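J.: From first to last, the protein sequence lines stand for chains D and B. When the letters of the first sequence are read in order and numbered with our numbering, they come out as residues 149 to 505. When the letters of the second sequence are read in order and numbered with our numbering, they come out as residues 149 to 505. All C-beta atoms in this analysis are idealised placements derived from N, C-alpha and C, irrespective of residue type, glycine included. On a predicted model such as this, the values are computed, not experimentally measured, just so you know. The structure that follows is given in the form of structure tokens.
Number of protein chains: 2
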Amino acid sequence: MTTAVADSLDLAAVRQAVDSTLTRFLSAKAESTDSAELPELIGILSRFVTAGGKRLRPLLCMCGWYAAGGGPEAGVALHAAASLELFHAFALIHDDVMDGSDTRRGHPTAHRALEAVRAGGDGASTEWFGVSGAILLGDLALVWSDELLTGATMSARQHRALRPVLDAMRSEVMLGQYLDLLATGRVTGDLEEAMDVVRYKTAKYTIERPLHVGAVLADGSAADLEACSAYALPVGEAFQLRDDLLGVFGDPRVTGKSDLDDLREGKRTPLVALAVQRADESQLSVLRSLLGRQDLDAEGAAAVRRILEATGARRRVEDMIADRHGQALHALDRAGFPPAVTAALREIARAATKRSS
Amino acid sequence: MTTAVADSLDLAAVRQAVDSTLTRFLSAKAESTDSAELPELIGILSRFVTAGGKRLRPLLCMCGWYAAGGGPEAGVALHAAASLELFHAFALIHDDVMDGSDTRRGHPTAHRALEAVRAGGDGASTEWFGVSGAILLGDLALVWSDELLTGATMSARQHRALRPVLDAMRSEVMLGQYLDLLATGRVTGDLEEAMDVVRYKTAKYTIERPLHVGAVLADGSAADLEACSAYALPVGEAFQLRDDLLGVFGDPRVTGKSDLDDLREGKRTPLVALAVQRADESQLSVLRSLLGRQDLDAEGAAAVRRILEATGARRRVEDMIADRHGQALHALDRAGFPPAVTAALREIARAATKRSS
Numbered sequence: 149m150t151t152a153v154a155d156s157l158d159l160a161a162v163r164q165a166v167d168s169t170l171t172r173f174l175s176a177k178a179e180s181t182d183s184a185e186l187p188e189l190i191g192i193l194s195r196f197v198t199a200g201g202k203r204l205r206p207l208l209c210m211c212g213w214y215a216a217g218g219g220p221e222a223g224v225a226l227h228a229a230a231s232l233e234l235f236h237a238f239a240l241i242h243d244d245v246m247d248g249s250d251t252r253r254g255h256p257t258a259h260r261a262l263e264a265v266r267a268g269g270d271g272a273s274t275e276w277f278g279v280s281g282a283i284l285l286g287d288l289a290l291v292w293s294d295e296l297l298t299g300a301t302m303s304a305r306q307h308r309a310l311r312p313v314l315d316a317m318r319s320e321v322m323l324g325q326y327l328d329l330l331a332t333g334r335v336t337g338d339l340e341e342a343m344d345v346v347r348y349k350t351a352k353y354t355i356e357r358p359l360h361v362g363a364v365l366a367d368g369s370a371a372d373l374e375a376c377s378a379y380a381l382p383v384g385e386a387f388q389l390r391d392d393l394l395g396v397f398g399d400p401r402v403t404g405k406s407d408l409d410d411l412r413e414g415k416r417t418p419l420v421a422l423a424v425q426r427a428d429e430s431q432l433s434v435l436r437s438l439l440g441r442q443d444l445d446a447e448g449a450a451a452v453r454r455i456l457e458a459t460g461a462r463r464r465v466e467d468m469i470a471d472r473h474g475q476a477l478h479a480l481d482r483a484g485f486p487p488a489v490t491a492a493l494r495e496i497a498r499a500a501t502k503r504s505s
Numbered sequence: 149m150t151t152a153v154a155d156s157l158d159l160a161a162v163r164q165a166v167d168s169t170l171t172r173f174l175s176a177k178a179e180s181t182d183s184a185e186l187p188e189l190i191g192i193l194s195r196f197v198t199a200g201g202k203r204l205r206p207l208l209c210m211c212g213w214y215a216a217g218g219g220p221e222a223g224v225a226l227h228a229a230a231s232l233e234l235f236h237a238f239a240l241i242h243d244d245v246m247d248g249s250d251t252r253r254g255h256p257t258a259h260r261a262l263e264a265v266r267a268g269g270d271g272a273s274t275e276w277f278g279v280s281g282a283i284l285l286g287d288l289a290l291v292w293s294d295e296l297l298t299g300a301t302m303s304a305r306q307h308r309a310l311r312p313v314l315d316a317m318r319s320e321v322m323l324g325q326y327l328d329l330l331a332t333g334r335v336t337g338d339l340e341e342a343m344d345v346v347r348y349k350t351a352k353y354t355i356e357r358p359l360h361v362g363a364v365l366a367d368g369s370a371a372d373l374e375a376c377s378a379y380a381l382p383v384g385e386a387f388q389l390r391d392d393l394l395g396v397f398g399d400p401r402v403t404g405k406s407d408l409d410d411l412r413e414g415k416r417t418p419l420v421a422l423a424v425q426r427a428d429e430s431q432l433s434v435l436r437s438l439l440g441r442q443d444l445d446a447e448g449a450a451a452v453r454r455i456l457e458a459t460g461a462r463r464r465v466e467d468m469i470a471d472r473h474g475q476a477l478h479a480l481d482r483a484g485f486p487p488a489v490t491a492a493l494r495e496i497a498r499a500a501t502k503r504s505s
């Protein structure tokens, strides 16, 4: 049993199962249309979904399933895992439109890829086509994530238990995104507000809810869900804090995204809030004048990075990550999950907090 | 029985029931959040949804319910009707972002309304906030339309029957939108392609699927669904052809939207395709140079309108509308729906094809 669980929790195996479910689903969509144009659009979604990504949510969904005792029909959990990944594609596609990002996972973002469909127009109409097409493509990924899930064989009990978790997840991620929008471009030292965005956008959406999805499908108890949350929230915060550091200090060749985007966008992260709290007047005026500038160049970015270091903000964020990593491991020790689940969650906590991409 | 059906098919009564369902749902959302910012966002959605609109889809959903024999629990059909309206809000909010429209139903579009939340920024950041916020608000309307529906008390049979209809509807409208995007700005005489967009974007989405949603909830037979389609597709085509005429020749004070937007956008309608087919060389060069120009002024618009008239395109579209109106009435005669349903569908066909807003 423990060996079987361990096999099912192997990241490579989960990735393969999820990717083949998604590929099958999207191929069937492309084949069932009588339009000549839709297969091209679906192809862009298919490449976007399979081009990379950590498959963190699917793996957590499987962990939640086994943490709550699993069951003979792991197929339903795998279907849910694939659906979470398609939902995530929706969130990324729209996020990239809002941020105006050019690359994602080392490939062009969806709105950039769509511009190629409309080659030959003038610049403005090509850009408009890319953005409009990506809004639609994200919408399609969202409704198809639902279709993929409701198409899975599921008992009425599983269906009833799953619905409120999914509803909460979907509202939370959009609330988090909206808080993020409101905050963007306002350089302040409000750490609590910045942490609110982290909690909604990442801790709940990326870690807690995928675990809950798997757990409720396996008929998990309230205590199971609480044990999942006790682990998930600190890991999720640590994951996002690491992401913020990588967005500014990471190597674009490793992360697959620009190390200027977050600074140009003026993303209000805990990292920036801490720097603002600790900055002297001249540092503060540099931060205020450079963060959020679309035309920020390498030299300006280097100046911001020096302040993030000199104020101790970068080091403080590293400490916050380490604290949360410790809390998550402590929660795991008390959870009493099957050994294979504990091992997988321990590895996820390590990878989430120490990763370089 | 016929009187009760007629009461339930009264547009004012359906509107009131749908609006109170939506208002209750959105108020509960606003009250359940512990965020100070989200209620403002939900308020914008609430005002957008209740500010106007024909409530055509909800009424059709109720027609479909009674056409297929109805049942004691009309509440589930009303819930579905309200959900369709919230889904439609999603489609309009994203559509307005893509089209860059300023007004809808005589009020600011969602992305314009959201700009007010961010007053005080510079122009570019305010516009960016409006667009980004509206993408999120549309996403939220989409997932909440689902939540509203799955929250309704529904038998397993109803749930199973409803799912494929909703899945088809959601994919179709997005496919239609995408075909529309692909076509926009290319001034051609391809009537068939223009009619494809009409069929997907409007005939199926606006008329056929809402009828089907109501009908499958009432356990309608395949023959019931076919009878709905035989009426719905011609009415839907006529509805969109009328919409295209109103977009160019309508009175903005009555339609609530600009009479320049469609021309500036270069929307490829059957109206334009017919004009291109029939234009002489000098007319064609005027159409090619003016359609799709963002800076088209009243004088340019008047020149386009003169060509749409002179080529007979406007008259031909009026004929197409009348033909389809006739086909729909013929289909109704053969359908054998209850008298109150037939009367309501007859009135919808009349209003859809002869309206001025």
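Could you list the residues in the segment 237-249 of chain B with a C-beta less than 9 Å from some C-beta on chain D, going in chain order?
T.: Going along the segment 237-249 of chain B in chain order, one finds F238, A239, H242, V245, M246, D247 and G248 with a Cβ nearer than 9 Å to chain D.
J.: Measure the CB-CB distance between L296(B) and H227(B) and report whether it falls below 8 Å.
T.: Contact flag set, yes.
J.: Which class does R472(D) belong to by DSSP, given the choice of helix, strand or coil?
T.: In this structure, R472(D) counts as helix in the three-state DSSP scheme.
J.: Does DSSP put R252(B) in a helix, in a strand, or in coil?
T.: In the structure shown, R252(B) sits in a strand (DSSP, three-state: E or B).
J.: For D409(D), which three-state DSSP category applies?
T.: Of the three classes helix, strand and coil, the one that applies to D409(D) here is helix, per DSSP.
J.: Alpha carbon to alpha carbon, how far is F387(D) from L381(D)? Give it in angstroms, no decimals.
T.: C-alpha separation (whole angstroms): 10 Å.
J.: Pick helix, strand or coil for K415(B), following the three-state DSSP scheme.
T.: Coil, per DSSP.
J.: I'd like the span of the alpha helix (DSSP H) that includes G325(B), first residue to last.
T.: The question names Gly, yet the displayed sequence has Gln at residue 325(B). Q325(B) -> alpha helix (DSSP H) spans A304 to A331.
J.: Please compile the residues from chain B whose C-beta is within a distance smaller than 9 Å of the C-beta of E185(D).
T.: Under the 9 Å cutoff, chain B gives L323, Y326, L327 and L330.
J.: What's the gap between the Cα of T251(B) and the Cα of D410(B)?
T.: Approximately 13 Å between the Cα atoms of the pair.
J.: Report yes or no: is there a C-beta of chain D within less than 8 Å of the C-beta of F277(B)?
T.: Output row for F277(B): interface = yes.
J.: Can you name the residues of chain D whose CB is closer than 7 Å to the CB of E356(B)?
T.: None at all; the shortest Cβ gap to chain D is about 16 Å.
J.: Grouping DSSP H, G and I as helix and E and B as strand, with all else coil, what is L432(D)?
T.: Of the three classes helix, strand and coil, the one that applies to L432(D) here is helix, per DSSP.
J.: Let me make sure I understand the geometry here. Which of I469(D), G484(D), A451(D) and Y348(D) has the alpha-carbon closest to that of T501(D)?
T.: Of the listed residues, the one whose Cα sits closest to T501(D) is I469(D).
J.: Alpha carbons only, please: which of V265(D), T490(D), F173(D) and V465(D) is nearest the one belonging to V197(D)?
T.: The residue with the shortest Cα to Cα distance from V197(D) is F173(D).
J.: Using only the alpha-carbon positions, how far apart do R498(D) and A222(D) sit?
T.: Whole-angstrom Cα-Cα distance: 26 Å.
J.: Hey, does A199(D) have any beta-carbon neighbour from chain B nearer than 8 Å?
T.: No, its Cβ sits nowhere closer than 8 Å to a Cβ of chain B.
J.: Roughly how many whole angstroms lie between the Cα atoms of T257(D) and T181(D)?
T.: Cα to Cα, T257(D) sits roughly 25 Å from T181(D).
J.: Have a look at S437(D) and L389(D) and give me their C-alpha separation to the nearest angstrom.
T.: One C-alpha to the other measures close to 24 Å.
J.: Could you name the residues of chain B that S280(D) contacts, counting a contact when the two beta carbons are closer than 7 Å?
T.: Per Cβ cutoff of 7 Å: M246 and L329.
J.: For K202(D), which of helix, strand or coil comes out of DSSP?
T.: Of the three classes helix, strand and coil, the one that applies to K202(D) here is coil, per DSSP.
J.: Check G448(D) in the structure and name its three-state DSSP category.
T.: In the structure shown, G448(D) sits in a helix (DSSP, three-state: H, G or I).
J.: Is any non-hydrogen atom of the ligand FMN found closer than 7 Å to the C-beta of W276(B), if you look at the structure I gave you?
T.: Absence of the ligand FMN is noted for the structure shown, with no ligands found whatsoever.
J.: Can you pull the chain D residues whose beta carbon is under 7 Å from the beta carbon of I518(B), in chain order?
T.: Limits of chain B in this structure are 149 at one end and 505 at the other, which puts residue 518(B) out of reach.
J.: Taking a cut of 7 Å between CB atoms, which residues from the segment 411-433 of chain D lie near chain B?
T.: Going along the segment 411-433 of chain D in chain order, one finds no residue with a Cβ nearer than 7 Å to chain B.
J.: Beta-carbon of L288(D) versus every beta-carbon of chain B: anything under 8 Å?
T.: Output row for L288(D): interface = yes.
J.: Would you give the residue range spanned by the alpha helix (DSSP H) that T169(D) belongs to?
T.: Run containing T169(D): L159 to S180, per the alpha helix (DSSP H) assignment.
J.: Is there at least one Cβ from chain B nearer than 8 Å to R347(D)'s Cβ?
T.: Closer than 8 Å: no.
J.: Take L204(D) and list the residues in its own chain whose beta-carbon comes closer than 6 Å to its own, dropping the five residues that flank it on each side.
T.: Correct list: empty, nothing qualifies.
J.: Taking only beta-carbon atoms, is L493(B) less than 8 Å away from chain D?
T.: By this cut-off, L493(B) is not an interface position.
J.: Does the distance from the CB of G404(D) to the CB of R308(D) come in under 8 Å?
T.: Contact flag unset, no.
J.: 8 Å is my cut-off, CB to CB: does L189(D) come that close to chain B?
T.: True, the Cβ-Cβ gap to chain B drops below 8 Å.
J.: Can you list, in chain order, the residues of its chain with a C-beta nearer than 7 Å to that of I192(D)? Leave out the 5 residues immediately preceding and following it.
T.: Correct list, in chain order: A258, A261, L262 and L285.
J.: Assuming contact is defined by CB atoms lying nearer than 8 Å, are L444(D) and R412(D) in contact in what I supplied?
T.: Cβ distance < 8 Å, so L444(D) and R412(D) count as in contact.
J.: Taking Cβ-Cβ distances below 7 Å as the criterion, which residues of the segment 377-397 of chain B are in contact with chain D?
T.: Those would be none; no residue qualifies.
J.: Could you work out which residue in S194(D), E447(D) and K415(D) is closest to L288(D) when comparing CA atoms only?
T.: Per the Cα distances, S194(D).
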